[in-house]
Amino acid sequence: MRVTKKRTRRGWWFPSAGALESVERRALVTGVAYVGAHHEGERCFESVFHDREENAVFAADLHAETLVVVELLFEHGLAVERTVAHAIAALDRLARNLEDNHRLPSPKCKPKVVPPFGRRCAVVAHDEGATDIRPLEPFPFHRTPPCEKPDAESRADDENSECAAGNTFHALSRCCEHTIALIDGFVNPKRVYRIAFIVVRSSRYMPGKRRLRVLGIETSCDETSVAILDVSEKSTRIVFHEIASQIPAHQIYGGVVPEVAARLHVKEIVELLDLALWGKTSPNPSFARRGIEGGVRGGLSPVVFDAIAVTQGPGLATALRVGIEAGRTLAFLTGKPIVGVNHLEGHLASAWLVPENRKLWKFPILFLLVSGGHTELVLMKDFCSYRVIGRTRDDASGEAFDKTGKLIGLSYPAGPQIAKFAEDGDSSAYDIPRPMINDPSFDFSFSGLKSAVRRLWEEMSDKEKSKKKTRVDLCASIQEAIVDVLVAKTVSAVKKYKPRAVAIVGGVSANKRLQERMRDALEDTTLLHAARGLHTDNAAMIAAAGAWRLMKGEKHDWKKIDAEPELDL
Amino acid sequence: MRIVTLKHGKDCKRFRVPTEKDWGELVEYVAEQIKPGDILALSGELGAGKTTFVQSLARELGVKKNTPSPTFALMRSYAVRHPSIKRLIHVDAYRIENERDFVALDLDEEIADGISAVVIEWPENIKKWLGRQASVLDLSITGF
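Chains as they are written, first to last, in the working numbering: chain A, 23 to 591; chain B, 7 to 150.
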C-alpha cells in the first residue's frame, strides 16, 4: 500500500511511503496516521494530557480501533526523562480513554476496513535534524528492549549525536514496552486496528541547526534596543546588546507620548542597527567606546545572522511599526527568516538568558510578570505554551508605582524613586489598602490603591507634605502594599499549580523589596535568578523568545508581518 | 452612591449608581443610544469608577476579553457585538499633557471608519480636540 504525504483534518499527516515502508512491511500496518508532524500536532499532543475535554475528543477520534505508537523526536537526547514521562502519562490517559470508549462508535470517526494484523506496535524515530523518518529495528517486535548502549544515560550531556541516538533508542525501548503493556490488556487480536503515532518532540528541537544567531529588535514602548544573540543547546551568548533609552526625552512629558516615542525610535534604530551589523562608531560617544565581540569582518561587512526577531505587540502601534519596518527591510535585504515576538514572551525569556537559570529551567514555571503596562501571572508549560492564570483588572503594578509617585510629586519613572525613599521609611506609617488580596482569583487590581493614596495626600496639610519623613514613610507604605499583593497572589498560585520554578520578570522585578519578600515567602520553591540588566524592555529577550519560536519552526512572511498592538499571550 | 450625568446636546439624563459593581441601567441606556462615530467623554475624579464603567459597558456590548486600564497603551480597541458598532475604542488621556501629542493617536481616522465608537477618559486633557468633534456624549461621574 502506498502512503502519500497528505494532510487530513485535525492536523493528521501521512508520512512518505518510503519512510514507512519498512515499518509497514513488518507490522502490516495499512493506515498509518502520523499525528503532530508540526506545530499543530504538537498542540494536539499537549491536549492529550492537559485537557480532559479535548482529550476525550482526541481519544474518540483515535477510537477503539486505534493503537497508539509513540514517536520520539530528539536533539542530542535532551530531556529524555521528561519526554518519556510525558509519553507515558499520555499513553496512560489514552489507554484509560480507549478502555472507556471501547467499541463505542464515534460519530466523527468511521474506521476504514483494513487488512488485519496482530497485536503489533511500531516505533519510528527521528534523527536529530533529519527530515526523513527512519525506522528503528529490530525494535519493537520483541519485548526485551535492546540496550545497545547501557551507559547512554550517563553520557546524556555529550553533544555527540551517535550517543544521543543511543540514548533516544534506550528511551524508545522503554516507552514502547510500556505501550505494548498498556494496549495488551484490552485489544482483541482478531480485530482490525489502525495505528496512530504520537510525536513527542523534545522542545529544544531546532531543525537542522545547532547554533542560531538571532538579531532582536525591540521598539514596543519607550526603549529602542537591538541585540544579537547566539543560541545553542547549552548556552546563550549575547554578542551585541544596546538599549537607547528614551527616558530623558519623556521626563519632560511625565509619561510616554506616542508621537515622541515613534520619532525617537526612527532616529535610534538606524544608529543601533548600523552599530550592530557594521560595527560603525556612532556620533554618540557611549556607543563608540564599546566594540563588538566577534562577527565583524574588517568592520565593513555585516555581521552574519540567521534570523530576525522583532516585537510585534503588545505596545504602542506607532512605535511597534518602526521596529517591524526595520526588521522586514532587513529580512527582505538578507533573505533571512523573520519572526514576530510577543513582548510578554520576551519578558519571560529574559529569565532564560541568565546562565544560572538554565539548570533550574524545569517546566512548569510560574512567572510573575510585573512592568509598567502589565501585571500577570503566567504558567509556562513548555516553550511557547503559556497560560495566563491571573492579570490586572485595571492598573498594572508599575503603573501603580508611577501614578502614586506622580500624585506625591515624584518624577517619571517614579518606581525606582519610591524604592529608594522606601529604604528609610516606615512601611506601617500609613494605612494603604491591599486590593483583592483575599480574592480567590489570581487577578490583581491597583486602582483602589491609587485613589487611596490620592485621598491621603489631599487630606495632608502643605507643611506635612513637605516633610521628608512623610515622603519616605508614604513611599515605604505604598511599596509594601503593592509588594504584599504581588507576593500573596504568587504564593497562592504556587500552592494551586505547584510549579517547579518561579520567576519574577519585567521592570518592577528590579525592586529589591519584592525580590526579598518573594524569596522569604517561597522557601520550598526554586526562585529563578533575576535577570540583572535585562528586566526592562530590551532586544536580547526578544531575540531569545524569537529563538524559541524559530525552534518550533515558526516564522513570518516579511511581506505580511504587521504590528499587533493588542496581542496577548 | 454615585450620580452620573449624561449630556447629549440638549438632552440631560441622570442616573443613580448604587454600588461600584451595579451600572446596569446606565450601561443598558448607553449601549442602546450609542452610534458609530460617537464619542463618550467620561469625566470624574481618580477612583470615581471610570474604568469600571467602561468595563461594564464592554461586557454589555459582548466583549469577553479583559478590559484593563489603557493608561500605558493610551488606547485599546475591542471587537463588540452590537447592531451598528463593531469596535469600541477605549482611550485614556490621563498622560496627555500637550494636546498636540494626542493627534499622533490618529483617532480622527479611527472614528471615520463608520463602525467604531470611542470612550475617552480624562477628556479635560483634550478639550480642543473634543470641541471639533460632531457627536460627543458627556458623562460625568460624581460621588463615591
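Backbone N, C-alpha and C define an ideal beta-carbon position, used for all residues, glycine too.
Minimum Cβ-Cβ distance from residue i to chain A less than 7 Å
{"i": "B:Thr57", "result": "yes"}
{"i": "B:Leu113", "result": "no"}
{"i": "B:Leu63", "result": "no"}
{"i": "B:Asn131", "result": "no"}
Residue i CB to nearest heavy atom of the ligand SAH below 6 Å
{"i": "A:Ser407", "result": "Among the components modelled here there is no ligand, and therefore nothing to report on the ligand SAH."}
Residue i versus residue j - alpha carbon distance
{"i": "A:Lys403", "j": "A:Ala474", "result": "38 Å"}
{"i": "B:Ala54", "j": "A:Ala441", "result": "28 Å"}
{"i": "B:Val109", "j": "B:Leu136", "result": "12 Å"}
{"i": "A:Ala501", "j": "A:Leu388", "result": "Note that residue 501 of chain A corresponds to Gln in the displayed sequence, not to Ala. C-alpha separation (whole angstroms): 22 Å."}
{"i": "A:Gly395", "j": "B:Arg138", "result": "31 Å"}
{"i": "A:Leu375", "j": "A:Leu251", "result": "10 Å"}
{"i": "A:Asp180", "j": "A:Tyr519", "result": "Residue confidence for A:Asp180 is low, a pLDDT of 34 falling below 50, so the modelled location carries little weight; the figure read from the coordinates is stated next. Taking the straight line joining both Cα atoms gives about 33 Å."}
{"i": "A:Leu536", "j": "A:Gly427", "result": "17 Å"}
{"i": "A:Leu295", "j": "A:Arg380", "result": "29 Å"}
{"i": "B:Ser83", "j": "A:Leu286", "result": "25 Å"}
{"i": "A:Pro457", "j": "A:Lys491", "result": "25 Å"}
{"i": "A:Ser531", "j": "A:Leu391", "result": "8 Å"}
{"i": "A:Leu549", "j": "B:Asn104", "result": "43 Å"}
{"i": "A:His72", "j": "A:Ser407", "result": "Only weak support exists for where A:His72 lies, its pLDDT of 26 falling under 50; the coordinates are left without a value."}
{"i": "A:Asp328", "j": "A:Val361", "result": "11 Å"}
{"i": "B:Ile9", "j": "B:Leu80", "result": "26 Å"}
{"i": "A:Gly591", "j": "B:Asp17", "result": "Note on residue identity: the sequence assigns Leu, not Gly, to residue 591 of chain A. The alpha-carbon atoms of A:Leu591 and B:Asp17 are separated by roughly 43 Å."}
{"i": "A:Lys384", "j": "A:Ser254", "result": "18 Å"}
{"i": "B:Val60", "j": "B:Asp144", "result": "14 Å"}
{"i": "A:Asp579", "j": "A:Glu588", "result": "20 Å"}
{"i": "A:Val288", "j": "A:Ile583", "result": "18 Å"}
{"i": "A:Tyr434", "j": "A:Asp424", "result": "7 Å"}
{"i": "A:Glu545", "j": "A:Ser514", "result": "14 Å"}
{"i": "B:Trp128", "j": "A:Asp417", "result": "15 Å"}
{"i": "A:Thr258", "j": "A:Ala436", "result": "33 Å"}
{"i": "B:Asp112", "j": "A:Arg477", "result": "35 Å"}
{"i": "A:Thr340", "j": "B:Ile102", "result": "16 Å"}
{"i": "A:Trp479", "j": "A:Ser372", "result": "37 Å"}
{"i": "B:Pro42", "j": "B:Thr11", "result": "21 Å"}
Minimum Cβ-Cβ distance from residue i to chain B less than 7 Å
{"i": "A:Ala147", "result": "At A:Ala147 the pLDDT is 28, less than 50, meaning the model places this residue with poor confidence; the figure from the coordinates comes in the next sentence. Not an interface residue."}
{"i": "A:Ser372", "result": "no"}
{"i": "A:Val45", "result": "Below a pLDDT of 50, predicted positions are generally treated as unreliable, and A:Val45, at 29, falls in that range; the measurement from the model is reported next regardless. Chain B, which has no Cβ nearer than 7 Å to the Cβ of A:Val45, makes this no."}
{"i": "A:Gly575", "result": "no"}
{"i": "A:Glu421", "result": "yes"}
{"i": "A:Arg535", "result": "no"}
{"i": "A:Arg476", "result": "yes"}
{"i": "A:Pro127", "result": "At A:Pro127 the pLDDT is 35, less than 50, meaning the model places this residue with poor confidence; the figure from the coordinates comes in the next sentence. False, the Cβ-Cβ gap to chain B never drops below 7 Å."}
{"i": "A:Ser473", "result": "yes"}
Closer than 7 Å to chain C by CB, residue i
{"i": "B:Val69", "result": "Here chain C cannot be found, since the structure's protein chains are A and B."}
Item to complete: Could you run through the region 67–80 of chain B and flag, in chain order, every residue whose CB is less than 9 Å away from some CB of chain A?
Response: Lys71, Asn72, Thr73, Pro74, Ser75, Thr77, Phe78, Ala79, Leu80
Check your understanding: Would you call the region 25–38 of chain B and the region 64–72 of chain B touching, i.e. three or more CB-CB distances under 8 Å?
Key -> yes
Does the region 114–134 of chain B touch the region 82–101 of chain B, meaning 3 or more C-beta pairs lie closer than 8 Å? By the C-beta criterion, the region 82–101 of chain B is judged to be in contact with the region 114–134 of chain B, since at least 3 inter-stretch pairs fall below 8 Å.
Margin query: Between the region 497–517 of chain A and the region 434–451 of chain A, can you find at least three pairs of beta-carbon atoms closer than 8 Å?
Written below: yes
For the 8 Å Cβ check, are there 3 or more pairs between the region 554–564 of chain A and the region 368–379 of chain A? Look at the beta carbons and you see the region 554–564 of chain A touching the region 368–379 of chain A: at least three pairs across the two are nearer than 8 Å.
| alpha helix (DSSP H) runs contained entirely in the region 106–135 of chain B, provided each spans 4 or more residues | 113–117
**Q.** Selection of the region 390–417 of chain A by Cβ proximity to chain B, strictly under 7 Å
**A.** Gly394, Gly395, Arg413, Thr414, Arg415, Asp416, Asp417
Tell me which residues of the region 80–91 of chain B have at least one Cβ-Cβ distance to chain A shorter than 9 Å, keeping chain order.
Leu80, Met81, Arg82, Ser83, Tyr84
**Message:** Between the region 98–118 of chain B and the region 72–86 of chain B, can you find at least three pairs of beta-carbon atoms closer than 8 Å?
**Reply:** yes
Taking a Cβ distance cut-off of 9 Å, strictly less, list which residues of the region 324–341 of chain A are near chain B, in chain order.
Pro336, Gly337, Leu338, Ala339, Thr340
Item to complete: Could you tell me whether the region 457–465 of chain A touches the region 400–418 of chain A, where touching means 3 or more Cβ pairs closer than 8 Å?
Response: yes
Length at least 4, wholly inside the region 399–486 of chain A: the alpha helix (DSSP H) runs in chain order: 419–429, 436–444, 469–481
Given a limit of 8 Å on CB to CB distance, which residues of the region 454–467 of chain A reach chain B? none
> Would the region 232–239 of chain A and the region 327–342 of chain A be scored as touching if the rule is three or more Cβ pairs under 8 Å?
Replying inline: yes
Inset, instruction - Check each residue of the region 562–591 of chain A: if its Cβ is closer than 9 Å to any Cβ of chain B, include it; give the result in chain order. - result: Going along the region 562–591 of chain A in chain order, one finds Pro587, Glu588, Asp590 with a Cβ nearer than 9 Å to chain B.
Which ranges does the beta strand (DSSP E) cover as unbroken runs of at least 3 residues, wholly within the region 345–390 of chain A, from first to last along the chain?
360–364
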